[in-house]
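**Student:**
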Amino acid sequence: MSAKSTRFIQTVFSEVPATYELVNHILTFGLDRVWRKRAARIASTAAPGEWADMCTGTGETAVYLRRLAPKETRIWAVDISPAMMAEATRKQEAESIDFVTADIKKLPFGDGSLDLITLSFATRNLNLSREILAQSFSEFHRVLKSGGRLVNLETSQPRFALVRKIFHLYVKLCVKRIGSRISGSETGYAYLAATITRFCPAEILADIIRRAGFEEVVFQKLLFGVAAIHQAMKRGNKA
């Protein structure tokens, strides 16, 4: 992300933290919570050690990881927005999670230091450019150990045109309107709605992840393809 884009993202997410989870639950009829839990269960099969939830937002996925992880596993929650992080630290499990304010384009972790990286509904906010997304995933690849895993939950594009049109119409009519009314941030939810309809299909995201150096890239589509969970692994020499 450019410095300008980074500032814009920080501004957007500084306006919505108090109502962010509520709006997501309403707009997805609670499915966002179901899908986060599913992604966390998939991720929890990773080797114990150092796990990081990137772009953690209000910390929902980090909390699910903490509940599922072995006691000796350290959970990191990383985000660029101090406002979102402040909301995350109010959670009951926050005392057993390490919070780090950082930009994912330059993570404060050494090469080969993490066993697991997760992202939930964050990838499309990194950038819609495939080249820049590949760079972001390359940074994740750098900080993962050999054998380390990546689990990414994100909105996607339904394969069938009719389903895709209905999905985009729902986003256009409801996300900005309901989100801005509850949160008071029209700019924030106009941006979030735009990223949903413009983000790439699951197949293309899988190719982007492979370009970043990951192997064994697989994905499962959710609810006719409106979202997807990608899994990938870092191979290579032991760190």
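Oh and the sequence shown: position 136 is 211 in this note's numbering, straight run, nothing missing. Positions of the beta carbon are idealized from the N, C-alpha and C atoms, including for glycine.
On the CB-based measure, 16 or more other CB atoms within 10 Å of its CB, does L237 come out buried or exposed?
**Tutor:** In the sequence shown, counting from the first residue as 1, residue 237 sits at position 162. It counts as exposed.
**Student:** For T131, which residues in the same chain have their Cβ closer than 7 Å to its Cβ, ignoring the five residues on either side in sequence?
**Tutor:** Translated into the one-based positions of the sequence shown, residue 131 becomes position 56. Here the set comprises A137, A152, V153, D154 and A163.
**Student:** Classify Y245: buried if its beta carbon has 16 or more other beta carbons within 10 angstroms, exposed otherwise.
**Tutor:** One-based indexing of the sequence shown puts residue 245 at position 170. Exposed.
**Student:** Give the DSSP-derived three-state secondary structure of A127 in the structure shown.
**Tutor:** What you label residue 127 is simply residue 52 of the sequence shown in a count that begins at 1. In this structure, A127 counts as strand in the three-state DSSP scheme.
**Student:** Using CA coordinates, which residue listed in A127, N227 and Y139 is at the minimum distance from F184?
**Tutor:** Numbered from its first residue, the sequence shown carries residue 184 at position 109. Ranking A127, N227 and Y139 by Cα distance to F184 puts A127 first.
**Student:** So L189 packs on K220, CB below 8 Å; how close in whole Å?
**Tutor:** Residue numbering aside, residue 189 sits at position 114 when the sequence shown is read from its first letter. Residue numbering aside, residue 220 sits at position 145 when the sequence shown is read from its first letter. Right, the Cβ-Cβ distance comes to about 6 Å (below 8 Å), so this counts as a contact.
**Student:** Across the region 286 to 305 and the region 222 to 239, are there enough close Cβ pairs to call them in contact, namely three or more that are closer than 8 Å?
**Tutor:** Yes, the region 286 to 305 is in contact with the region 222 to 239.
**Student:** Across the region 250 to 269 and the region 215 to 232, are there enough close Cβ pairs to call them in contact, namely three or more that are closer than 8 Å?
**Tutor:** In short, these stretches do not touch, since the Cβ pair count stays below three.
**Student:** Which partner residues does W110 have in the DSSP bridge list?
**Tutor:** Locating residue 110 in the sequence shown gives position 35, where the first residue counts as 1. In DSSP, W110 forms no bridge with anything.
**Student:** Below 8 Å on the Cβ atoms is my contact criterion, and I expect E214 with L182 to pass it. Report the Cβ-Cβ distance as a whole number of Å.
**Tutor:** Sequence index remark: in the sequence shown, residue 214 carries index 139 (1-based). Sequence index remark: in the sequence shown, residue 182 carries index 107 (1-based). About 6 Å; that satisfies the 8 Å criterion.
**Student:** Pull up the DSSP beta-bridge partners for M308, would you.
**Tutor:** In the sequence shown, the residue the question calls residue 308 occupies position 233. Partner(s): R224 and E290.
**Student:** Alpha carbon to alpha carbon, how far is R234 from L106? Give it in angstroms, no decimals.
**Tutor:** In the sequence shown, the residue the question calls residue 106 occupies position 31. In the sequence shown, the residue the question calls residue 234 occupies position 159. Straight-line Cα distance between these residues: approximately 20 Å.
**Student:** Just the C-alpha distance for A277 and S231, rounded to the nearest angstrom, thanks.
**Tutor:** Your numbering for residue 277 matches position 202 in the sequence shown. Your numbering for residue 231 matches position 156 in the sequence shown. Their Cα atoms are separated by approximately 6 Å.
**Student:** Given that a residue counts as buried once 16 or more other Cβ atoms are within 10 Å of its Cβ, and exposed if not, what is L280?
**Tutor:** Here the question's residue 280 lines up with position 205 in the sequence shown. It is buried - the Cβ of L280 has at least 16 other Cβ atoms within 10 Å.
**Student:** Rounded to whole angstroms, what is the Cα-Cα separation between R286 and A209?
**Tutor:** Stepping through the sequence shown from its first residue, residue 286 is reached at position 211. Stepping through the sequence shown from its first residue, residue 209 is reached at position 134. One C-alpha to the other measures close to 6 Å.
**Student:** Looking at C-alpha atoms only, which residue of G124, M160, K251 and F274 is the closest neighbour of A265?
**Tutor:** Indexing the sequence shown from 1 puts residue 265 at position 190. Considering only alpha carbons, the answer is K251.
**Student:** Please check the pair Q85 and S195, which I expect to be a contact at CB under 8 Å, by giving their CB distance rounded to whole angstroms.
**Tutor:** Residue 85 sits at position 10 when you count from the first residue of the sequence shown. Residue 195 sits at position 120 when you count from the first residue of the sequence shown. 19 Å between Cβ atoms; not a contact.
**Student:** I'd like to confirm the pairing. Which residues does DSSP put opposite V175 in its beta bridges?
**Tutor:** For the purposes of this step, residue 175 is taken as the residue at position 100 of the sequence shown. Partner(s): V153.
**Student:** Within its chain, find whatever has a CB closer than 8 Å to the CB of F289; leave out the 5 residues flanking it on each side and keep chain order.
**Tutor:** Working through the sequence shown from its first residue, we reach residue 289 at position 214. Same-chain partners within the cutoff: F212, H216, L225, A307, M308 and K309.
**Student:** Within the continuous beta strand (DSSP E) that includes S195, where are the two ends?
**Tutor:** Your numbering for residue 195 matches position 120 in the sequence shown. That run of the beta strand (DSSP E) goes L189 to S195.
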